[in-house]
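Trainee: Pasting in a structure now, in structure tokens, and then I'll have a few things to ask.
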């Protein structure tokens, strides 16, 4: 046998043996910290520790964050079209176990649909849910319950998520996040649709409880499935802005509501639930090279992990897995002291919007010094820093660059990178060791849904076959591949 053939055969055998799970569970919670890399955790941990202990960068006392104790492996992220994936291709791998081109939503490079782990769960009698801090129809949540050639087709994705145009019907029992504009008819202000289809009204007609603001979210603790909560027109607020404005639920609050609601719906059944939670705005802060914002979003991800870990300790029939779809920003820490990141109250994005809302002819320097810089933790900015902000391509980019320089935080890109990401996992009692043993080492992102499939006793291939039969009869629900992979440039969100 030739060496190449032998290596390939060994690789197939290893993959096949790795697919078998020694862990059984009623419920699986999968958490995606979009755009999160090893340095993201490093920066959030150090910032939290120095704030908590009151120590300085020259005499640091560093404590662990919740995620630090849960690392069990690592994941490769390349797509079928590029060494650097986007969230659609990586999400297709995580959700459906297949490599595809950047921009693909659970379709293969030949355009054929592939069944997701969430769809397999639904068709296997489990309840299902999606939570995200970006549009619920954006790439990462989309891949679990929709099949379209182009991730930009978010209105079509929204239709499929509610079962309006999904060939197998409604696959998701609970959706919480942003992206209301994709569900609202074009007669509504802020709509992203080109037609007058009212998916919010459709959802209510199908029996969904629909919530569209903070007050309605607060009443969801009493709601039953199915449930649709859309709390912003597009992406939800960054956590550091949300803390001040208090007009939207946090990722932690949505995760808690989702888990408690799914648990309540399944606690008397032998069938459990599958839930995907996306900490989406880690990625967006990485694209913006916004250091404090990126750290706070990562900190929130850790808070969610901590709560889920405690929940699993009380509900040992549940396991959790978590891995990013890719790293964003090429974050490195050089000449590093995170303490300058501690005083900001708003993101660069929010402060850019404040700047843009000023009347024509306003005193730019005075407004920058009095309003923008203090809100970003740069109230003591030097004349040189002020000038660099005013000369930057935008005020948001300028303040982000100035704060990064102060903290010794470097970014190699405004896009994604191909670096491996960390796989985290948790189970209660003896299951934790079994989970660690099953998933220790390095994995391709396509292998993770197959592991969950084995844990829950599901059949993703059966879903794929049903989808392909439907596509042979009528493929219009798959949309058109109008935007080539290279058009995305690795970016996960649109401005």
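In the working numbering, the protein residues as written are 167 to 661.
A virtual CB, placed ideally from N, CA and C, is assigned to each residue, including glycine.
Which word fits residue 410, buried or exposed, when buried means at least 16 other C-beta atoms lie within 10 angstroms of its C-beta?
Mentor: Around the C-beta of residue 410, fewer than 16 other C-beta atoms lie within 10 Å, and the residue is accordingly described as exposed.
Trainee: Can you give me the C-alpha to C-alpha distance between residue 574 and residue 507, rounded to a whole angstrom?
Mentor: 10 angstroms
Trainee: Rounded to a whole number of angstroms, what is the C-alpha to C-alpha distance between residue 193 and residue 456?
Mentor: 36 angstroms
Trainee: Per the DSSP calculation, residue 440 is bridged to which residue(s)?
Mentor: 194, 294
Trainee: Since residue 261 and residue 282 should fall inside the 8 angstroms C-beta cutoff, what is the C-beta to C-beta distance between them, to a whole number of angstroms?
Mentor: So it is a contact: roughly 4 angstroms between Cβ atoms.
Trainee: Consult DSSP for residue 650 and reduce its assignment to one of helix, strand or coil.
Mentor: With a pLDDT of only 41 at residue 650, under 50, the local geometry of the prediction cannot be trusted, and the value read off the model is given with reservation. Coil at residue 650, not helix or strand.
Trainee: Go to residue 453, then tell me how far its alpha helix (DSSP H) extends in each direction, as first and last residue.
Mentor: 447-453
Trainee: Would you call the stretch 580-588 in contact with the stretch 479-495, where contact means no fewer than 3 C-beta pairs closer than 8 angstroms?
Mentor: yes
Trainee: Using the DSSP secondary-structure output, state which residues sit across from residue 344 in a beta bridge.
Mentor: 301
Trainee: Give me the Cα-Cα distance between residue 460 and residue 421, rounded to the nearest whole angstrom.
Mentor: 20 angstroms
Trainee: To which residues of the same chain is residue 425 closer than 8 angstroms at the C-beta, ignoring the five residues directly before and after it?
Mentor: Cβ neighbours of residue 425 beyond the five flanking positions: 195, 441, 474, 477.
Trainee: Per DSSP, which one or two residues make a beta bridge with residue 576?
Mentor: 498
Trainee: So residue 516 is in the beta strand (DSSP E); what residue range does that whole segment cover?
Mentor: That residue, residue 516, is in no beta strand (DSSP E); its alpha helix (DSSP H) goes 514-522.
Trainee: Going along the chain, which residues of its own chain have a beta-carbon closer than 6 angstroms to the beta-carbon of residue 502, five neighbours each way excluded?
Mentor: 574
Trainee: Roughly how far, in whole angstroms, is the beta-carbon of residue 512 from the beta-carbon of residue 541, given that I think they are within contact range, below 8 angstroms?
Mentor: Yes, residue 512 and residue 541 are in contact; Cβ-Cβ is about 5 angstroms, under 8 angstroms.
Trainee: Rounding to the nearest angstrom, what Cα-Cα distance links residue 402 and residue 300 in this structure?
Mentor: 6 angstroms
Trainee: Identify which residue in 312, 505, 604, 400 has its Cα closest to the Cα of residue 570.
Mentor: 505
Trainee: To the nearest angstrom, how far is it from the Cα of residue 251 to the Cα of residue 634?
Mentor: 25 angstroms
Trainee: Measuring straight from C-alpha to C-alpha, what distance separates residue 238 and residue 289?
Mentor: 30 angstroms
Trainee: Cα separation between residue 215 and residue 235?
Mentor: 15 angstroms
Trainee: How is residue 279 classed by DSSP in three states: helix, strand or coil?
Mentor: strand
Trainee: If you check the beta carbons only, do residue 604 and residue 241 fall under 9 angstroms apart?
Mentor: no
Trainee: Do residue 227 and residue 221 have their C-beta atoms closer together than 9 angstroms?
Mentor: yes
Trainee: Using the C-alpha atoms, what's the distance from residue 284 back to residue 329?
Mentor: 14 angstroms
Trainee: Give the DSSP-derived three-state secondary structure of residue 396 in the structure shown.
Mentor: strand
Trainee: Grab me the residues of residue 463's own chain with a C-beta within less than 7 angstroms of its C-beta, minus the 5 sequence neighbours each way, in chain order.
Mentor: So the qualifying residues of the chain are 404, 405, 445, 447, 448, 451.
Trainee: Pick helix, strand or coil for residue 555, following the three-state DSSP scheme.
Mentor: Here residue 555 sits in helix by DSSP.
Trainee: Can you tell me whether DSSP reads residue 586 as helix, strand or coil?
Mentor: coil
Trainee: Between which two residues does the beta strand (DSSP E) harbouring residue 486 extend?
Mentor: 484-489
Trainee: Nearest-angstrom Cα distance between residue 615 and residue 310?
Mentor: 11 angstroms
Trainee: Rounded to the nearest angstrom, what separates residue 595 and residue 488 at their Cα positions?
Mentor: 19 angstroms
Trainee: Going straight from the alpha carbon of residue 435 to that of residue 568, what length do you get?
Mentor: 55 angstroms
Trainee: Looking at the structure shown, is residue 592 part of a helix, part of a strand, or coil, going by DSSP?
Mentor: strand
Trainee: What three-state label does DSSP hand residue 464 in the structure shown?
Mentor: helix
Trainee: Residue range of the beta strand (DSSP E) that residue 607 falls in?
Mentor: 607-610
Trainee: Going by C-alpha distance, which of 369, 186, 438, 201 is nearest residue 467?
Mentor: If we check each option's Cα against that of residue 467, 201 comes out closest.
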